[in-house]
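Contents: one structure, followed by commentary.
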Amino acid sequence: MNFGVIVFPGSNGDHDALHAIGKVLGQPVRAIWHRETSLDGIECVIVPGGFAYGDYLRAGAIARFSPIMGAVERFARDGGPVLGICNGFQVLTEAQLLPGSLLRNAELEFRSQWVHVRTERTDTPFTSGLAVGDVLRLPIAHGEGSYFAAPEELARIEANGQVVFRYCDPTGAVTPATNFNGSLNHIAGVCNERRNVVGLMPHPERGAEAILGGADGLRILESALSVAGVRV
Amino acid sequence: MSESNGPIWLASVYVTLKTVVNDPQGLAIADGLHTMGYDGVEDVRAGKYLQVRLRAASAEEAQRLAEEMSDRLLANTVIENYRCVIEPAS
């Protein structure tokens, strides 16, 4: 399956994603500079973490108008699988490919640590290999990851089953102590209504090998292969 | 999309978080003011102020353009409100 990793000025998770997909998952992958305008041959798009355009104005706000984003929007609207990781999640909300927005963390702290998330949905390309309730241990590194949506929209997201991951403890329990960034409803990841676009604040690509402290993230990346019928 | 001639206007764009959005920065600033002894401070909301100098045929056109820019880029209307004030640029 051909993966493409979008590279903006200020991306810093691009090489982590290229490594995890190319070396760990063993799939063809190429970096796509944000000035490009085509996704020819790409079957899965990763919008990686980092600080695109320095997070100036708002995280993801300027990146969302990069030339490649027109192709990413068309790819998403055609049902192609798109995964936004951390800053990539922020870019996808700014592009309105995903609902809601990411605000400054509740305690104003940049949080870099391992967290647990509970799988809420398995009907997305990136969770098809998981079971509802599966707890994944993944690293996070963000200052603006507090998920927000207006009350009516939040109700709609929940009713549509668009919450894909929630912050939890190692047993899967969602408690106030596990909501370290102030996200509404402990939301760590969401998908669009069509379910082909997923964004999450944790970094599956940085937790995809035991040598890095955990390999749970590989299960998210592996899930994408099911779209192309590739057997792991 | 944008005028390239006409007089120059200054658009002052004020971007503020919607009232339903929690503002930890504002809360921290209010905390600081309370620590300094400003006990009368009820609440602080942090926002952004942008100055856009642009050419447009009229003040109305400048207003329309500034609001379009705000809708598309300067503000995220999921979480923010904006207000644009147009004046002739000096």
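Chains as they are written, first to last, in the numbering used here: chain X, 2 to 233; chain H, 2 to 91. For each residue, glycine too, the CB sits at the ideal point set by N, CA and C.
Query, Result
"So what does DSSP say about Pro152 of chain X, is it helix, strand or coil?", "helix"
"Chain X beta carbons: is any one of them nearer than 8 Å to that of Leu74 of chain H?", "yes"
"So is Ile80 of chain H in contact with chain X if we call contact Cβ pairs under 8 Å?", "yes"
"Beta carbon of Ile9 of chain H, beta carbon of Arg65 of chain H: below 8 Å?", "no"
"In chain order, what residues of the same chain have a beta carbon less than 8 Å from the beta carbon of Pro29 of chain X, not counting five sequence neighbours either side?", "Met2, Asn3, Phe4 and Gly23"
"Taking 8 Å as the threshold (beta carbon to beta carbon), is Gln52 of chain H in contact with chain X?", "no"
"In chain order, what residues of the same chain lie with their CB nearer than 8 Å to the CB of Asn197 of chain X, ignoring the 5 residues before and after it?", "Ala77, Gly80, Gly81, Pro82, Val83, Thr125 and Pro126"
"Per DSSP, what kind of secondary structure is Lys49 of chain H in: helix, strand or coil?", "strand"
"Which parts of the stretch 68 to 145 of chain X are runs of the beta strand (DSSP E), unbroken and 3 residues or longer, counting only runs that do not cross its ends?", "83 to 86, 102 to 104, 112 to 120 and 136 to 143"
"Since I believe Ala151 of chain X is in contact with Val21 of chain H (beta carbons under 8 Å), could you give me their beta-carbon distance rounded to a whole number of angstroms?", "6 Å"
"May I ask you to report which of helix, strand or coil DSSP gives Leu213 of chain X?", "helix"
"Nearest chain X C-beta to Val14 of chain H closer than 8 Å, yes or no?", "no"
"With distances taken Cα to Cα, identify the nearest neighbour of Val136 of chain X among X:Ala107, X:Leu109, X:Pro205 and X:Ala60.", "X:Pro205"
"Which residues share a DSSP beta bridge with Leu94 of chain H?", "Chain H is shown from 2 up to 91; residue 94 of chain H falls before or after that span and cannot be answered."
"Could you tell me the alpha carbon to alpha carbon distance between Asp17 of chain X and Glu210 of chain X, rounded to whole angstroms?", "11 Å"
"Near Arg195 of chain X, what residues of its chain come up, given a Cβ to Cβ distance below 7 Å and the 5 sequence neighbours on each side ignored?", "Gly80"
"Heavy atom of the ligand GTP less than 7 Å from the Cβ of Asn193 of chain X, yes or no?", "In the structure on display, the ligand GTP does not appear, and there are no ligands present to speak of."
"Among the candidates X:Ile221, X:Leu58, X:Thr176 and X:Gly50, whose CA atom is the shortest distance from the CA of Gly89 of chain X?", "X:Gly50"
"At 7 Å on the CB atoms, spell out the chain H contacts of Glu95 of chain X, in chain order.", "Asn77"
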